[in-house]
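Just so you know, we're using the working numbering here: the first sequence kicks off at 593 and counts up by one.
A virtual CB, placed ideally from N, CA and C, is assigned to each residue, including glycine.
Comments concern the structure below.
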Amino acid sequence: MATNITPRTKDYNQWYLDVINAAGMADYSPVRGCMVIKPHGYAVWEGLQRELDARFKATGHVNAYFPLFIPMSFLAKEAKHVEGFAMECAVVTHSGLEPDGKGGLKPKGEIEEPLIVRPTSETIIGHTYAQWVQSWRDLPILVNQWANVVRWEMRTRLFLRTMEFLWQEGHTAHETWEEAEAETRRMLDVYADVAENVLAIPVHRGRKSPAERFAGADDTYCIEAMMQDGKALQAGTSHNLGQNFSKAFDIKFQTRDQKVAHVWTTSWGVSTRLIGALIMTHSDDDGLVLPPKVAPVLAAIVPIYRKDDEKAAVLAYAKELLARLVGADAVARAEAVCGGREILEVPYGSTGQRVVLDLRDGLRPPDKFFHWEQRGVPVRLEVGPKDLANRAVMAVTRTPRSKNVVSADAITPAWFDDALATAQKMLFERAVAFRAAQTRACDDYAAFKSAIEEKPGFYAMHWDGTKETEAKIKEETKATIRCIPLADVIDGADGPISMKTPGTDPVSGKPSEGRVLFARAY
RNA sequence: CGGGGCGUAGCUCAGCCUGGCUAGAGCGUCGGUUUUGGGAGCCGAAAGUCGCAGGUUCAAAUCCUGUCGCCCCGACCA
């Protein structure tokens, strides 16, 4: 039906880009690998921020802000960290500009110590925490920051991998390893909660193999999601950094028993990449599909009329329906704010999400239907003369796809909330079922090689725990260990798969403690 | 960073191979008109430094060199 969106089966990558474009989520920028996040895309991010931030606060964290620029020397202090990030750092070497004599400009003064633009903030925060921490009474430190970071990527993709992206990074410091480990796991659970209950994206909680670990971490936990093309996507990570950074930055404290010790730190982050995950999990060939909890526009009311007398009556009726959902006061306030704008936007509840009345004159009803549909609006109310005559309305839901005539009296916040809750639930259940259908146990390496090609998805295989085997599989199949799941059992296409039962690595023939999830990944 | 493809109106593209009138089409936009329950019809109008910079030539969207950006594959990737 949509003429501006390439079907998934024809070209999945193009479909992804088309959906973003049709939904007005983002634009390319003049700078390679960077993007402009448009209002509709940013509103989704704001929804995510709202949900995440509330959970961070509820688990005792506070927000702060650390600098964009980091002295180059800081990065060198933690060996693994510099190894992992050196190649993707943007480096500031000059200050000021001067004419280049050819009508353009060139950098002017070279600065003494080059600055790097943060690719992540462990180092500068480590430096700061060393000053903040004196005694065990100063611990724990539970700080989060909302920020942008820059990583000089070779190949970029809107939302999934851009050179600059928005994220939050939590950085905590603790007295003991146990506390740091508990924090790492607690925030992993927060991420899984938001992914599943807000974004309706089912995720596997697990640990990364040593090869996939964060540069500088003792242990990296992650949530892994499955996209509609069968590729896995790392949706969030939580790291137990041990004492690596506290030793590098000398974050010491006086312990309860009068000794001096290094603190134990953690860090954890999710980024605008989650928006990419959201798009690729739920959207279809008709455009964006958003779970109601983060949909910036929850419902669009589209009036249908021919003549002026009809128009006046239909619009009055449409506003009455709008008021039934959001309240007459809210409509009046919105009209005052919107002024002459053709789309009347009224807040629904306190989340910043909105119900809109599409008053645009230039577009005919079908154009408006497509417009809101492609932007992932969960509910649409079509209101025309027939409905007015019957005191009814055509209620159209994106998930499930349905069109029903509903009486005007039935249009209530309770009805609306129910429709939204149904969509939220269905999206999650559908994604859970899809993921299970893409998940299989495999005990034969030759079979795995062809299966990963023909039926991309998660493959639960035994692994001997060595990096040699992992590297061989990656080399030969492009599949990597996405995670070592925490769960004992996960659902697969052929029923539950026991992950913790010992077995044999199909590649090396060596014994394995349990299964791990392999997949090709974004 | 290596290989391939692309860059011409807001969008999608034709024209380039084989240089030559005033650079075209469809969609969209604007005005008018009839329309309006899943992407309407007719009439008229506006809109492009041909990505950018050099070079060759009497003449460059077209040929050459460089450069920037986008897409795909590879390498790389918390």
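Look at GLU804 here: in three-state DSSP terms it is helix. Only buried fits ARG1032, as 16 or more other CB atoms lie within 10 angstroms of its CB. Closest by C-alpha distance to ARG753, out of CYS930, GLY868, ALA809 and THR1014, is GLY868.
In the DSSP assignment, ALA722 falls within the unbroken alpha helix (DSSP H) covering 714 to 724. The beta carbon of VAL654 sits closer than 8 Å to the beta carbons of LEU734, VAL735 and ASN736 from its chain, once the five residues preceding and following it are set aside; these are given in chain order. Under the 10 Å beta carbon count, ARG797 is surrounded by 16 or more other beta carbons and is classified as buried. When the beta-carbon positions are compared, SER875 and VAL611 come within less than 8 Å of each other. Note that the C-beta distance between VAL889 and ARG956 is not below 8 Å. Contact between the region 878 to 894 and the region 966 to 974 is present: three or more C-beta pairs spanning the two stretches fall below 8 Å.
Distance from the Cα of LEU667 is smallest, within the candidate group ILE717, GLY762, TRP738 and LYS911, for ILE717. Per DSSP, the beta-bridge partners of PHE661 are VAL709.
DSSP places THR1004 in the coil class of the three-state scheme, outside both helix and strand. Rounded to whole angstroms, the separation of the alpha carbons of THR776 and HIS766 is 11 Å.
Assigned with DSSP and collapsed to three states, GLU770 falls in helix. If the five residues before and after MET1091 are omitted, its C-beta is found closer than 7 Å to the C-beta atoms of ALA1052, PRO1077, ALA1079, ASP1080, VAL1081, ILE1082, GLY1106 and ARG1107, all from its own chain and listed in chain order. The three-state reading of DSSP puts ARG729 in helix, counting H, G and I together. Shortest Cα-Cα distance from ALA905 to any of PRO977, ARG799 and LYS669 involves PRO977. In the displayed model, HIS653 falls within coil according to three-state DSSP, outside both helix and strand. DSSP lists THR812 and SER859 as the beta-bridge partner residues of HIS831. According to the DSSP assignment, GLY688 belongs to the beta strand (DSSP E) that extends over 682 to 691. Residue range 984 to 989 is occupied by the beta strand (DSSP E) that includes ALA984. In this structure, VAL855 and VAL684 do not form a Cβ contact; the two beta carbons are roughly 30 Å apart against a cut-off of 8 Å.
Within its own chain, the residues whose Cβ lies closer than 7 Å to the Cβ of CYS626, once the five positions on either side in sequence are excluded, are THR754, MET755 and GLU756, listed in chain order. In this structure, VAL782 sits away from ALA827, with a CB-CB distance that is not shorter than 8 Å. In the assembly as shown, VAL929 is an exposed residue. Its beta-carbon has fewer than 16 other beta-carbons within 10 Å. Between the alpha carbons of GLY676 and SER859 lies a distance of about 16 Å. Closest option to ASP979, judged by alpha-carbon separation, among ARG990, GLU934 and ILE893: ILE893. A direct Cα-to-Cα measurement between LYS669 and PHE841 gives close to 7 Å. Distance check between GLY1101 and each of TYR897, LYS1047, ASP1035 and ALA1085 places ASP1035 closest, using alpha-carbon atoms only. By a beta-carbon distance limit of 8 Å, PHE751 contacts ARG865. Their separation comes to about 6 Å. Closest in C-alpha terms to ILE815, from the list ILE1044, LEU833, ALA784 and ASN789, comes ALA784. Counted as a single uninterrupted DSSP element, the alpha helix (DSSP H) harbouring CYS930 occupies residues 920 to 930. Taken in chain order, the complete beta strand (DSSP E) segments of 3 residues or longer contained in the region 1010 to 1057 are 1031 to 1033 and 1050 to 1054. By DSSP's assignment, ALA765 forms a beta bridge with ILE733 and THR857. Between ILE1073 and GLU1062, the CB-CB gap stays under 8 Å. Counting along the chain, SER838 sits inside the alpha helix (DSSP H) bounded by residues 836 to 840.
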